[in-house]
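Chemist:
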Ligand code: NI
């Protein structure tokens, strides 16, 4: 599972839910939210979740200059490092907006996802649960948003459903353990 756009008001609750289910996940954080909630970030790191870079202000990177793209990425790297002492090694562009120029300027491995739950659109816990269980398959990268209250409310039942089906929830780095993720390459489709 990957959780985008946080940390937000429900992220601490999500961390408690993840802990109860012994589930690890990857949080693609927005730098400005990370800078505002450093204690939630350090808790994520301490509880063995992974933190990825999702830009500082969540812009469409394809509309920014090269310097603008680099600034969005680097300020987020700094915010995460400040809170956790670690540098993110993976990145996800807002809206999945990526072209060869953005990819080059980002300069990190890019992680996409297997199919959108559209949790931000429908804001229904029941729908989140059904969509995640439908999209789930071995080694799949699932995208939801921890800034959505309904998504966090859906997680206890969703995680139970996944675990009952035999899945183990791991971070992106654990998922790709053994194969080195390369800058300029895109992972997580399919
Ligand atoms: Ni996003």
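Residue numbers (our numbering): 874 to 1063. By construction, the Cβ of each residue, glycine as well, lies at the ideal position given by its N, Cα and C atoms.
Taking residue 956 as the reference, give the member of 1030, 1040, 919, 1016 with the closest Cα.
Modeler: Considering only alpha carbons, the answer is 919.
Chemist: Write down the C-beta distance between residue 914 and residue 975 rounded to the nearest angstrom, noting that I regard them as a contact closer than 8 Å.
Modeler: About 25 Å; that fails the 8 Å criterion.
Chemist: Taking the beta carbon of residue 945 as the centre, do at least 16 other beta carbons fall within 10 Å, making it buried, or is it exposed?
Modeler: So residue 945 counts as buried.
Chemist: Below 7 Å CB to CB, which residues in the same chain sit around residue 1063 once its five sequence neighbours on both sides are set aside?
Modeler: Cβ neighbours of residue 1063 beyond the five flanking positions: 987.
Chemist: Tell me whether residue 1047 sits in a helix, a strand or coil according to DSSP, three-state version.
Modeler: Correct three-state label for residue 1047: helix.
Chemist: Thinking C-beta only, is residue 1048 closer than 8 Å to residue 963?
Modeler: Cβ atoms of residue 963 and residue 1048: not closer than 8 Å.
Chemist: Measure from the alpha carbon of residue 1029 to the alpha carbon of each residue in 1008, 878, 882, 891, then state which is nearest.
Modeler: When only C-alpha atoms are compared, the closest one is 891.
Chemist: Between the C-alpha atoms of residue 1025 and residue 893, what's the straight-line distance to the nearest angstrom?
Modeler: About 14 Å.
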